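Just add 557 to wherever you are in the sequence shown, counting from 1, and you've got my numbering.
Take a look at the structure below.
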Amino acid sequence: TTAQARPLNLAGTLLRGRSLAVRGGAGDLGLDLAFGLGDGPPRLERGRVRLGAKEPPEAASEGLSLEGSIAEFDLPAWVDWWSRFQKGQGRLAPKGGPGPALGPRPLALDLGIARLDLGTVVLTNARLQAAPRDPGWTVEVDSRELTGDLVLPAPGSDVPLELRLARLDLASLLPPEDPDRPSPSPRPSGDSIRLPATDLRVADLRWEDESLGRLTLDLRPEPSGLRVQRIELQGPGETRVQGDAAWVDGPEGGRARLTLDLRSGDTGPLMRALDYRSVLSEAPLESHIGLEWPGGLGSFALARSTGTIDLKVGAGRLLEVEPGVGRVLGILNLGALSRRLSLDFTDLYEQGFSFEQILGDIRVGGGKAELRRFEIEGPSSTIRVGGFTDLRARTFDQTVTVEPRIGSSVALASALAGGPVVGAAVYLADKVSGGAIDKLGSYRYRVTGPWAEPELTRLGWDPFAAQGQPGSTPGAADTADPGFSPPPPSRPEENHFLE
558 TTAQARPLNL
568 AGTLLRGRSL
578 AVRGGAGDLG
588 LDLAFGLGDG
598 PPRLERGRVR
608 LGAKEPPEAA
618 SEGLSLEGSI
628 AEFDLPAWVD
638 WWSRFQKGQG
648 RLAPKGGPGP
658 ALGPRPLALD
668 LGIARLDLGT
678 VVLTNARLQA
688 APRDPGWTVE
698 VDSRELTGDL
708 VLPAPGSDVP
718 LELRLARLDL
728 ASLLPPEDPD
738 RPSPSPRPSG
748 DSIRLPATDL
758 RVADLRWEDE
768 SLGRLTLDLR
778 PEPSGLRVQR
788 IELQGPGETR
798 VQGDAAWVDG
808 PEGGRARLTL
818 DLRSGDTGPL
828 MRALDYRSVL
838 SEAPLESHIG
848 LEWPGGLGSF
858 ALARSTGTID
868 LKVGAGRLLE
878 VEPGVGRVLG
888 ILNLGALSRR
898 LSLDFTDLYE
908 QGFSFEQILG
918 DIRVGGGKAE
928 LRRFEIEGPS
938 STIRVGGFTD
948 LRARTFDQTV
958 TVEPRIGSSV
968 ALASALAGGP
978 VVGAAVYLAD
988 KVSGGAIDKL
998 GSYRYRVTGP
1008 WAEPELTRLG
1018 WDPFAAQGQP
1028 GSTPGAADTA
1038 DPGFSPPPPS
1048 RPEENHFLE
């Protein structure tokens, strides 16, 4: 800063009209520079600048070499400075005089940076190595979070920046999970517009030690904002994600949106790769996500978003469930649910949480996620979950209805007692009535409390509990008040029919 003092030691040789050689240092910056003083402004012929140097370096044979190590580098701050300099707010020469010409000389870069701040992303223990190419530059990056290279086009070129990464760890780029940390605020509208056209290719997209597959992303600036015209991911379990995103400039940072379609032949490997510590056997998945939020693309937070999450999971089995990704989304806690059901329905769930399909229709908005429809259909029961998840307070307010499939058992017992005609009649009557026999055996639970340790309260028996619940019918939640939750019964009721 201007108030900061550093020891300065420079020695030079001047040949008037021919050359100027300067060697020395300022603080921990050492340099050896050679300028040509022929016609026109001074020209930097060759030189070497070293950061963290105790002794001045020897000048490079040609071009300029920048090397060494620093503790921190704030790229947005330097970009802002360079923008002001380009507009004439800074000078490298006395007022009215020409500044030194850097000229078309090769620049070599070899820097170690303990903390490299790129704006929305921070890299740690990074090493940058850059060299010129015709045209443009090639920059190699190696850090804890990613490894790869950038191909920078020549200034003024219409060719996109190529970002080719051999490895990218998404988990390390996210800030540590902190319930007290406020949601990201919208970035100034000009920040996203400065991003250049970029083609991103990631050979190995990772979540810590697990591979998520190959990622392709094409980003293009537009007059009104920014567009990610292509998002593709090919991951484990025949997973394929396709979509697009956009940011439109406007007041208070504008608005961003994201659309994704996900298909997977086996959800288990993908969930385990995302730190969802479960054994999920061969469950296919189809999902559509459509969300939008205030601010730029880097300002995403589910608690500030509005939109829909629709999903359909095929037959599978959960043998062990831990929160994992549930800590991120907080839609529901299958772990607590399966443990509670294992107590009440030991014969159905003791050996695992099996299901034939899972159907979900989730609406996000106002800091809450509403389960308009969430059904888990299993060979022995149907589970319906309705209600809300507060994404800001990280709490549940949901109702769970469990309907054991006893209609088929009653039909079988009727066939044994009264013959196949009676059994068939009971079976058909149950199907025509929409599973009325199953509803007679239904139990209800209320889920409240924080995500990590929700409380499941057994409400008792209500054969018509599924009717009128949020999420029980397609139109039930359309008129539901997000701040309303039905009060629990005064006392639990026993299900004498099931017993």
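The C-beta atom is built at its ideal place from N, Cα and C for all residues, glycine as well.
Keep in mind it's a predicted model, so treat the numbers as computed, not measured.
Do you know how far the Cα of residue j is from the Cα of residue i?
{"i": "A562", "j": "V579", "result": "21 Å"}
{"i": "S781", "j": "E612", "result": "50 Å"}
{"i": "G569", "j": "G581", "result": "9 Å"}
{"i": "G944", "j": "E960", "result": "18 Å"}
{"i": "A974", "j": "Y1000", "result": "The predicted model places A974 with a pLDDT of 49, which falls under 50 and marks its position as unreliable; any figure quoted below should be read in that light. Their Cα atoms are separated by approximately 28 Å."}
{"i": "S768", "j": "D818", "result": "20 Å"}
{"i": "L586", "j": "E624", "result": "10 Å"}
{"i": "R684", "j": "I866", "result": "40 Å"}
{"i": "L709", "j": "A813", "result": "27 Å"}
{"i": "R600", "j": "N682", "result": "34 Å"}
{"i": "P663", "j": "S618", "result": "11 Å"}
{"i": "A728", "j": "S700", "result": "14 Å"}
{"i": "A872", "j": "G770", "result": "24 Å"}
{"i": "E843", "j": "A926", "result": "19 Å"}
{"i": "I846", "j": "G922", "result": "14 Å"}
{"i": "G597", "j": "F857", "result": "51 Å"}
{"i": "G653", "j": "G855", "result": "With a pLDDT of only 49 at G653, under the threshold of 50, the placement of this residue in the model should not be trusted; the figure read from the coordinates follows. Rounded to whole angstroms, G653 to G855 spans 42 Å at the Cα level."}
{"i": "L868", "j": "A671", "result": "42 Å"}
{"i": "G713", "j": "V698", "result": "24 Å"}
{"i": "R690", "j": "D766", "result": "34 Å"}
{"i": "L783", "j": "F912", "result": "42 Å"}
{"i": "R951", "j": "G924", "result": "10 Å"}
{"i": "R641", "j": "W635", "result": "10 Å"}
{"i": "G1028", "j": "I933", "result": "For G1028, the pLDDT reaches just 42, beneath the cut-off of 50, and the residue's location in the model is therefore unreliable, leaving the point undetermined."}
{"i": "G917", "j": "S862", "result": "18 Å"}
{"i": "P753", "j": "P778", "result": "6 Å"}
{"i": "G787", "j": "D756", "result": "The sequence as given places Arg at residue 787; Gly does not occur at that position. Straight-line Cα distance between these residues: approximately 10 Å."}
{"i": "P614", "j": "W764", "result": "41 Å"}
{"i": "D726", "j": "A560", "result": "40 Å"}
{"i": "K644", "j": "A711", "result": "20 Å"}
{"i": "T939", "j": "T796", "result": "27 Å"}
{"i": "R874", "j": "T704", "result": "37 Å"}
{"i": "W850", "j": "Q955", "result": "25 Å"}
{"i": "T558", "j": "G620", "result": "29 Å"}
{"i": "S937", "j": "P1011", "result": "25 Å"}
Going by the CB atoms, is the gap between residue j and residue i shorter than 7 Å?
{"i": "A1009", "j": "L948", "result": "no"}
{"i": "F953", "j": "T1014", "result": "no"}
{"i": "R524", "j": "L594", "result": "Because the chain here runs from 558 to 1056, residue 524 falls outside it and cannot be looked at."}
{"i": "D806", "j": "V785", "result": "no"}
{"i": "Y1002", "j": "V942", "result": "no"}
{"i": "A583", "j": "A616", "result": "no"}
{"i": "L790", "j": "L772", "result": "yes"}
{"i": "W804", "j": "G811", "result": "yes"}
{"i": "L668", "j": "E702", "result": "no"}
{"i": "L815", "j": "L776", "result": "no"}
{"i": "A665", "j": "S622", "result": "yes"}
{"i": "L571", "j": "L565", "result": "no"}
{"i": "F630", "j": "L673", "result": "yes"}
Which whole-angstrom value describes the C-beta separation of residue i and residue j, a residue pair presumed to lie in contact below a C-beta threshold of 8 Å?
{"i": "I915", "j": "R929", "result": "Their Cβ separation, rounded to whole angstroms, is 14 Å, which puts I915 and R929 out of contact at 8 Å."}
{"i": "L632", "j": "G693", "result": "Their Cβ separation, rounded to whole angstroms, is 18 Å, which puts L632 and G693 out of contact at 8 Å."}
{"i": "L707", "j": "V696", "result": "4 Å"}
{"i": "P808", "j": "D823", "result": "Wrong, their Cβ atoms sit about 45 Å apart, outside the cutoff."}
{"i": "V678", "j": "L730", "result": "6 Å"}
{"i": "G609", "j": "I627", "result": "7 Å"}
Spell out the partners DSSP gives residue i in its beta bridges.
{"i": "T704", "result": "D699 and R724"}
{"i": "L673", "result": "F630 and L680"}
{"i": "G873", "result": "F912"}
{"i": "E843", "result": "R820 and K869"}
{"i": "T863", "result": "E849"}
{"i": "K925", "result": "G922 and D947"}
{"i": "F857", "result": "Paired residues: none, contrary to the question."}
{"i": "F592", "result": "L577 and L601"}
{"i": "L1016", "result": "For L1016, which the question treats as bridged, DSSP gives no partner whatsoever."}
{"i": "G792", "result": "T796"}
Inter-stretch contact (C-beta, 8 Å, three-pair minimum) for the stretch 712 to 730 and the stretch 754 to 768: yes
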